[in-house]
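Please read the structure below before turning to the comments.
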Amino acid sequence: MNWQQQTCLLTGATGGIGQAIAHALASKGVTLILQGRNEERLLALAALLPGDHQILVADLATASGLTAISEAMTVTPEFSMLINNAGIGQFSALQYTSAEEANEVINTNLTAPILLTQRLLPLLNKDSESHIINVGSVLGSIGFAGQSLYCASKFGLRGFSEALYRELADTNIRVSYFAPRATATSINSQQAMAMNTQLGTAVDTADKVAKALIDQLKQGKTRRVVGFPERLFVKINGAFPSIVDKALLKKLPVIKRFIFQNTKEAL
Ligand SMILES: NC(=O)c1ccc[n+]([C@@H]2O[C@H](COP(=O)([O-])OP(=O)(O)OC[C@H]3O[C@@H](n4cnc5c(N)ncnc54)[C@H](OP(=O)(O)O)[C@@H]3O)[C@@H](O)[C@H]2O)c1
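Residue numbers for the sequence shown follow full-length UniProt numbering, so the first one is 1 and each next one is one higher.
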């Protein structure tokens, strides 16, 4: 990969993982268009990065936001990399989740990256290799209690990535799917983090996740799940889901306790 020749639109650049990816790419010489909804945070991030970068303030969950991004990208020369990283979490029993929240999770995590990719595909540089990287999750391969909407969105994103990879396999555009495990960022509520501690779930730093993304790009891998044993659990769940059903059933009382605490605090 010739990093210095890449121009990358990074969505969700102000988030924990987004900032770490921005630092990792900028230090390799990639030119960034940093997208988020908060101008102040985007400006602060751009000021900290080596190199010259642009910011793009837009809400991906709205049609006007998607239009603003595609209009800005139309006039961006040599656009060669799209990282669909923006996302929101969920930590609640479906029964206590509103229809608005359900729409917001699916819209932000699944519909928005699909529509953004669709709009930006014609703008990606066709002369040399271009990249679309969709940031999914381990929970895009393993259904988890209390995160049914999040899992639905990330399972969908994984399917979208695989199908698009195959659709574009005879072009210069490489599509990849990158699946972090739990990572210490503000997407996880305090209750979710406390549950992870109690369940003994490993939690990565955002810097470690960004490094794994850079490695995936360097190695040209289409799919990457970050962390062991999560990588193994994903394989077992794919081949023998009833084994994972049983393992997660044992954890359900703990999961439910934290989900309901979280729901009570939110009310
Ligand atoms: N942290 C984890 O445990 C974990 C694990 C696996 C996968 N992931 C995935 O990693 C990605 C990054 O997550 P994170 O942990 O860095 O979360 P985060 O710290 O909460 O950051 C989320 C980012 O998404 C942006 N965003 C959310 N809704 C948006 C919208 N409607 N329009 C534009 N931008 C929007 C936020 O921008 P604003 O500044 O505008 O709010 C923020 O920059 C997500 O796709 C997430 O699902 C995270």
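For each residue, glycine too, the CB sits at the ideal point set by N, CA and C.
Are there any heavy atoms of ligand 1 lying less than 7 Å away from the beta-carbon of residue i, as far as the coordinates show?
i    : result
A68  : no
T263 : no
N85  : yes
P180 : yes
I187 : yes
S176 : no
A13  : yes
T111 : no
I88  : yes
I17  : yes
T183 : yes
Do residue j and residue i come within 8 Å of each other at the CB atom, strictly closer than that value?
i    : j    : result
Q191 : N262 : yes
S153 : I106 : yes
N237 : S141 : yes
L66  : Q35  : no
F178 : Q216 : yes
M73  : L123 : yes
F79  : T7   : yes
L10  : G18  : yes
L149 : T197 : no
G146 : F91  : yes
P180 : S242 : no
S161 : V175 : yes
Compute the Euclidean distance between the alpha carbons of residue i and residue j, then round it to the nearest angstrom.
i    : j    : result
Q118 : N188 : 29 Å
L48  : Q5   : 21 Å
N103 : D207 : 30 Å
A44  : K218 : 28 Å
A184 : I173 : 31 Å
I69  : L116 : 8 Å
N134 : A112 : 11 Å
G89  : G51  : 31 Å
A20  : M195 : 24 Å
F144 : S64  : 33 Å
M193 : V225 : 20 Å
H53  : T31  : 6 Å
T201 : A46  : 33 Å
E230 : H131 : 25 Å
G87  : R41  : 17 Å
R223 : Y165 : 10 Å
K235 : V244 : 10 Å
P253 : A99  : 25 Å
Report yes if the C-beta of residue i is less than 7 Å from at least one heavy atom of ligand 3; otherwise report no.
i   : result
L34 : Among the ligands present in this structure, namely ligand 1, ligand 3 is not found.
If we define contact as Cβ-Cβ less than 8 Å, is residue i a contact residue for chain B?
i    : result
F240 : This model lacks chain B altogether, as it is built from one protein chain only.
Three CB pairs or more closer than 8 Å across the region 255 to 265 and the region 205 to 222: The region 255 to 265 is not in contact with the region 205 to 222.
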